Structure formats: structure tokens, C-alpha cells
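Structure record follows, encoded as C-alpha cells.
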Amino acid sequence: MKLVSFLISFLKYSLSFIIVLALWEAYARYGGLNELFLPRPSKIGAKLYSLFVKVEVIEQGTIYWHFYATLAQMAIGFCYGMVIGNTLAVLAAFNETFRRYVAPYAVVFNVTPGIAVLPLIIAWFGFGWESKIALATLVCFFPPFINTLTGLLKKNDEAIELFQTIGASQSQYFWKQQLPNALPEIFAGTKLAITTALLGTIVAQFGSATEGVGILMQRFAFRLDMAGSFASLVTMAIMGLLVFTVAEVMDRRIVFWRDAKGLERASKKKQRKLMVNG
Amino acid sequence: MVATAKKAEDLSRFGQTVIEGKNVTKVFGETVTALEGANFDIQAGEFISLVGPSGCGKSTLLRLVAGLIEKTSGDVKVNDDLVTKPRTDIGMMFQKAVLLDWRTAIENVLLPSEMKHRITQEDKDKAMASLELVGLKGFEFHFPKQLSGGMQQRVALARLIQTGADIMLMDEPFGALDEFTRERLNVELMRIVGELKATTLFVTHNIQEAIYLADRVMVMTPRPGKIAEIIEVKFERPRDISIQTSREFNIIIEQVRDTLGSH
Amino acid sequence: MSYSTSQQTKNISLFKTLPFHLLIFAVLIVIWEMTNLYGFEDQIQADMIAPRPTNIVLAMLDIFIIDKTVWKHLISTFQKALLGASIGTAIGMGLAIAATLSLTFRKYIKPWIILLEATPRIAVGPIFVALLGFGLWSAVALAALVAFFGPFVNTFQGLMEIDEEAEEMFRSLGASRFQTFWKLRFASAMELISAGWKLATASAFGGALVAEFIQASEGMGVLIAQYVIMITMDYAFAGLLSVTIFGFILFKIMDYFDYRLIFWKNDYLLLKESEKRRKKAGIV
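Line by line, the protein sequences are chains A, B and C.
Everything in the first sequence is counted per the working numbering, starting at -9 for the first residue and increasing by one.
Everything in the second sequence is counted per the working numbering, starting at 542 for the first residue and increasing by one.
Everything in the third sequence is counted per the working numbering, starting at 2 for the first residue and increasing by one.
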């Protein structure tokens, strides 16, 4: 039953897609659409098929290789960005001096458009993976920093008083109240970081690269192979959706107390655990 | 039950001074005198209400006793011991339940037990009993957001019971609830306090509530905050809701209003 | 006695903290300068990785005052960003308004919006450049594409979130659908809408730069890239600094507009506006 309702809603959603695609195709075939601007869906589909199923080798690699390279660069940049951003946030949350005098520099980094720094990054890190990872790190460290900091600084006078009256140490207060209380914000920052890291990676690939979906798209575009560049775009959309979904799922699972469904699920789980343990 | 069995031995403490304040003054910054020259002597098992408008120092007094803030001058003693830092022989309740949203009711109740040692089965049993005592049997695995305001405060009360403290400090715990829930919880609170033989300090701005619950009412006035009068409430326990309409009750209300009005 | 979570940032006035800020900044600059002069074996390498602050300052002077090279590029980027932001905002707000008013429209564009949100829109850059050329329009198009999302999401959220009781009040006063839309929904959404404008400006700026970077005839993206290719890193840094400062000024301007527009967020402005209206009504 659930499967049927899922399929129905899926169909409803895709309806607008299907309509648009059909109109698009018709316009291309019979309406005289300038396919230099907008290739017909069937051509894009064919290119996608060629890339993913026939595993065509493009720019010295298969699409899977380019996909993987981009994902890997993004993941590493994301990790670096998270470590830097969250560490700075924790330091800033607990030390007022640090917060006052170092935070402005973080803001400056954020205000500087990542793309403007790219030429410098390439000059420093070269054309390989390092420059992509570096740019990804640079653009994605700020959301975790600002969000985690906000989360940790949330005012909670009464919670502090409560913990004091039950004899909790500073560390106990941090782990049992302050940190869990900041999780919604921390994950908001994480979600932003992951999407920004992907953006940074792709943009860095425009600078120069031998592999990656970004450079693939650029090469296609410059050769005016529009089907190819749109196919790369679709690939990037898939990547984006994938990444975004992973982040969302993690958020829903870990910060479960945000919505009623998550609460119910967790509550039932706890009850079941009790049954088992007796 | 586990909770009541422990409290039986406290009968022997009846008549002893448990909380004492001598000329207590608290000044915030340089200019705000929140409390001036407060003198109080609270005995074991008493229920004391602190009532007054905002700025009268009732919350300040409560926090001084809890050790959450330091006095400017005077002496505050709990269990014959000068109060210098947050105390664990007292338990507190706030206007907000202050439950951890990511923990179930029972996990919230177990919070005090986690502080000094690993949770034992005894702790868990005690927590289940506390939740039952406050009328939340069957809700142990619910999360705070799944509970109503009144129920959340009950969990907070169960948590207080879990601490094993026999001195309860409450800062307008029912202030955010609707009239009906508040009335119901007042009755519950009196029952529980009676069973536990606890000494209670209860802050409220609701005169009826203050008188209904208390053995003595400390009426406080603002600017500067001070204890204007201490009124005895001599109704027998257990107290029915209906006493609130009796003549004697209303006389006390008038007394309180008078004290508050003339300042 | 309380935990040292430093949650309250004492509001020390800027007057007192400024000297420290300047001191720390000065120390950092000195360290930087020293690193360049003594931290590397090869001076050329040093100038490439960490060009001397003094040289950067000289470069700034050069491009701004002496040679005045930077102005044309700054203006070009600014033009593209502004145009892109305007177009993107217009489209974004238009779609949001349509989505608010029509349930069917909302249902049908929802999947597209989700798709659009997940796709890194900036990635469309090369396509635009290939199709629209190296001039103004590829940058404007990319800027618009990147900029439209913020206003769309914000405007939509702002228009959809209305106080039910306020809506009931309007209905009880006999307001038409248009009046309710304009006087209630739109007015209460202004705060979010204005925030959306700020987002649009920021994104458009970045979008324009990316397009320039991919390929363009002029603009700050082009300038910085050129300087890097010529390995005059001090000039490249100068360019970067200019972009940052320029962007910062732009954001501050937008902030100011937001501040004046949403006057009810600020007590001081509220007072002034109240007085202004009183004077207007002729009551002193």
C-alpha cells in the first residue's frame, strides 16, 4: 500500500517534468528551436546513455571517474572546512577575546568571493586536486563556523541554573546540554557546508583540471557540444541531489527532536529497547 | 514506595531550622538593590510561599538560598551551613520546565543521578517511581515536545524528587500554565510535598496560589525588595480547593493585598 | 560561580576595542612582511606565495590612482552584478508571488525548484559563456541565475507565512483579495523580502565574477586572473583586496537600505518615523 501511494505521488511530481520535456522535444523537432542554445531532450538523453551506460571515455576518463573525482575533492574539502569551521566556533564560543578579535577575520574571508581567490589558489596549489580541495575548504568553512557558534552561544540561563543545582561540572554541562542543544544549528551549518563545498569544487575545476564534472562541462561547452554540456549539467544535478539528500537524512536522524514524526519514531525505539532489556 | 520510605526518617527533623537568613542584602551592580535586610527562619517540612510583584526580590531570595548568586551582605544558611556556591542538597523548579528535548521523560528524570556516578538499576527504579508519583505512569518514554506544559512541569518535579533533596525551591513553576492545569498541579504538589515531607520555598505572583499552598506566606514588596510581612496560614492539611472561597481565606487575601498596596 | 561559557559578549564600545584590533592587525602585517623577506630561500618564490604587504599597498595605489587600471574593471563587474541581481530578483519575486496566489502553479513548480536548488547553478557558467559570448551578457545571465533563488525562497516564505488572526481581521473588515495581499501579506513579508535582496546582491556579485573568470573581456575576475598569469602576485592581491572592499561596500549599502526600509526593527528609527508621521498629520 505504501509503495502504491509513493508511486502515485512520484507520478504526480514527474508530471510537470514529463509535460515540459515533451513540449521541449516537440519544439525542437517541429518548432525550429535553435539547438545550439537548447538541445532536444532526446539528444541529451542519448548523451547521458552514452556516458553512463556505454561508459564512453571522455577527457581521459569515464563519467564515473569524473563523478568520483569531483565527489572526492568535495568530500575532502568539506572535511577540512568542517574541522576548521567547528574548531574556530568552539574556541570562539568559550573565549570572548578570541571571539572579539579573530571572528572579524573569518568574516573577511567569507566576504571575499571564493572565485576571486581562485587564481591565487591555483598559483599556490597547482592544477591538480589540491587547488580544488583548497577552494572548497575556503568557501565552505564559514557556514559551520557561524552556525556552530550561534548554536553554542544560545542563551540558556535556566538550564545553567538547573545543572548547577544538580552538581554538574562544566564539562558535563557542555556535553549533556550545550552541545546537544546546538545540534540543530550545527547541522544547518553542515548542510550549507556540503552544498557550498560542491559548488567550490566545481568552480575550481573551471580554472583548470584534468578530471571532474566541472571541467567536463566546460570542455563540452567550449566545443559547442551542447548535448554534452547539458548532460554534464544533469550529472551535476544528480550529484547535488545525492549530496543534499544525504545531508538531509543525517539531519533528520540525528536532530530527531525537531519534528513530531522523528519524536514518535525515537520514542517507540526507546520503548522497544526497554522491552528487550527488561 | 521508595521515595516515601526514605522520607519517613525526616520526621525526626521536625521543628529544626533548615533554611536561615540573617539580614540578607543583595545589590546588583552598584545601584540595584534587589533584596534588603531579609530575615527568615524556615523549619523542616514547612511550605513557604513568597509572593509579591516584579522587582520585590522573591526570585533573588530563592537564588540566594540555592547558592546560584552570592549575597552582598548578611548570612544565608542551609542545613546549618553557610551558602557559598550552588548547592546540591536543594532541588529547583523553574517557570520553564527546562527539560532536554532530546531525552525521554525518564532520561530527563535520571539527569541528576548521572552527575556523580553511573546510573544503576536502583536509579532507574527510583525514576520510574518518581514519574508514577507525579502521575505520569505510561509516559516515561515520551519526549518533552510530545507532552503538554503541565506534564512537562510534572517531569521537572519528578526530576527534582530524583535528586533526593528534601528542600525544594520553586520559581513560579506554574506561571506559564492555564488556570485549570495550575489548580490541578497545585493539589498534586501539596500531595507530593506532604508525602515526601519536603521543605518548600515557592515563589509566585498569584496571591491565591501562594496562600492555598503555604503554611506561611512571605509577602514581599519592591523598591527596594524586602520582606514586608509574614502571614501564617492555619488551614488543616490535606486542603480542599473549596477553602479558597471561605471567609478565612479571603481575610488572608485582604491582608496580603493590604501589605502590597501600602508600599 | 557560574560556568565560564562566556555567553554574554560584553558590549564594550568600539572605542575601547579599536586600538586592540589595530594592534593585532599591525602585528599580522609585520609578521607577513617578515615572512616574505626572511622566510623563504628564494625571493621569487617568496613574492609568489606571500607578496609583501608594502608591495600590495603600492600596487593598490597604482591601480587606483596612478594608472587607474582598476576602475574600468570594477565598474564592469558592478554593472554585471547589478543587472544580474535585478533580473534575478524580478524573476524570483515574480515566481514567488505567482506561487503564493495559485495553488496549481505552486504544485507544478515545486519539483523544478527542488531540482534547481540541488543543482550547483554556478555550473551553468560555461554554457552561458559559450552561448552568450565573452561580453556583458554571459555574466549578467549567470549572475541572474545565481541571484534568483534567494529572493524566490525568501519572498515565497514571507508571503506564505501570515498571521492567521491578522488575515481574519482583514476579512472581517471586508478587504478585497488584492488589498489583503498588498497590505497584509506583502507588508509583513518585507523583512524577508529585503533579506532576499541582500542575498541576491551577494550571489550576483559572485556569479558575475565566475563568468568573468571562465572567459570575459573585462571585469575584476579577468583582471585578477591576468595578474596571476603575469605572476605579479602583489597586483593580484591588490585586485583581490579591491574586490573584497568593493563587495563589502556593496553589502553595507544593501544593509543600509534594509535598515531604513524595515524601520520597525530598530527603536531609534521607529521613533523618527513616528514623529515624521505626526508632523505630516499636522499634529505637533
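Beta carbons: idealized from backbone N, C-alpha and C, even for Gly.
The structure displayed is predicted, hence computed values, not measured ones.
Proximity of chain B to serine 257 (chain A) at the Cβ level (cut-off 9 Å) is accounted for by Thr645, Phe682, His683, Phe684, Gln687, in chain order.
Judged by beta-carbon spacing, leucine 602 (chain B) lies beyond the 9 Å limit of methionine 731 (chain B), meaning their Cβ atoms are not closer than that value. Taking a cut-off of 8 Å for Cβ pairs, the region 721 to 729 of chain B and the region 756 to 771 of chain B do not touch, as fewer than three such pairs fall below it. Around proline 112 (chain C), the beta-carbon contacts reaching into chain A at under 7 Å are Tyr3, Ser6, Phe7. Within chain A, the C-beta atoms nearer than 7 Å to that of valine 639 (chain B) come from Glu148, Ala149, Leu152, in chain order.
The beta-bridge partner set that DSSP reports for methionine 709 (chain B) consists of B:Gly632, B:Thr741. In this structure the region 78 to 85 of chain A does not touch the region 223 to 237 of chain A; the number of beta carbon pairs closer than 8 Å is below three. In the DSSP secondary-structure assignment, serine 614 (chain B) is bridged to B:Thr566.
For isoleucine 105 (chain A), a Cβ of chain C is located within less than 9 Å of the residue's own Cβ.
Scanning B:Phe635, B:Ile748, B:Ile782, B:Glu681 for the CA closest to the CA of threonine 800 (chain B) turns up B:Ile748.
Isoleucine 589 (chain B): member of the beta strand (DSSP E) spanning 588 to 592, first to last residue. No Cβ-Cβ contact shorter than 9 Å links lysine 122 (chain A) with glycine 51 (chain A). Among the residues of chain B, those whose CB is under 7 Å from the CB of glycine 157 (chain A) are Thr629, Met656, Lys657, following chain order. Taking 8 Å as the upper bound for CB-CB distance, methionine 709 (chain B) and alanine 739 (chain B) are in contact here, some 5 Å apart. In this chain, the beta strand (DSSP E) harbouring glycine 578 (chain B) covers 573 to 584. Ranking A:Glu238, A:Ser219, A:Phe99 by CA distance to the CA of alanine 36 (chain A) puts A:Ser219 first. Along the length of the region 31 to 100 of chain A, whole alpha helix (DSSP H) runs at least 4 residues long occupy 31 to 42, 53 to 84, reported in chain order. At least one C-beta of chain C is nearer than 9 Å to the C-beta of tyrosine 91 (chain A). Here leucine 200 (chain C) is not near alanine 119 (chain C), since their CB atoms are 9 Å or more apart. Boundaries of the alpha helix (DSSP H) around isoleucine 45 (chain C): 44 to 50. In this structure, leucine 210 (chain C) places its C-beta atom within 9 Å of the C-beta atom of valine 244 (chain C).
Contact between glycine 179 (chain A) and threonine 235 (chain A) does not hold, since their C-beta atoms are separated by about 18 Å, which reaches or exceeds 8 Å. In the three-state reduction of the DSSP assignment, leucine 623 (chain B) falls in the strand class.
Secondary structure at valine -6 (chain A): helix, using DSSP grouped into helix, strand and coil. Beta-bridge partners of threonine 558 (chain B) (DSSP): B:Gln584.
Under the three-pair Cβ rule at 8 Å, the region 101 to 120 of chain C counts as touching the region 227 to 243 of chain A. For glycine 596 (chain B), the closest of B:Asn580, B:Asn727, B:Lys567, B:Leu640 by C-alpha to C-alpha distance is B:Lys567.
Just measuring C-alpha positions, the residue of C:Glu276, C:Leu224, C:Phe238, C:Leu270 sitting nearest histidine 74 (chain C) is C:Leu224. Linking serine 614 (chain B) to isoleucine 792 (chain B) through their CA atoms gives a straight-line distance of about 36 Å. Taking the beta carbon of leucine 169 (chain A) as reference, no residue of chain B falls within 9 Å; the closest one sits roughly 11 Å away. Listed in chain order, the positions of the region 30 to 54 of chain C with a beta carbon within less than 8 Å of a beta carbon of chain A are Met49, Ile50. By the neighbour-count criterion, in which a residue is buried when 16 or more other Cβ atoms sit within 10 angstroms of its Cβ, histidine 56 (chain A) is buried. Distance from the CA of arginine 700 (chain B) to the CA of leucine 641 (chain B), rounded to the nearest whole angstrom, comes to 12 Å. In the DSSP assignment, methionine 759 (chain B) forms a beta bridge with B:Leu591, B:Ile771.
Where aspartate 781 (chain B) is concerned, there is no enclosing alpha helix (DSSP H), because DSSP gives it neither an H nor an E. In the structure shown, the three-state DSSP call for serine 6 (chain A) is helix.
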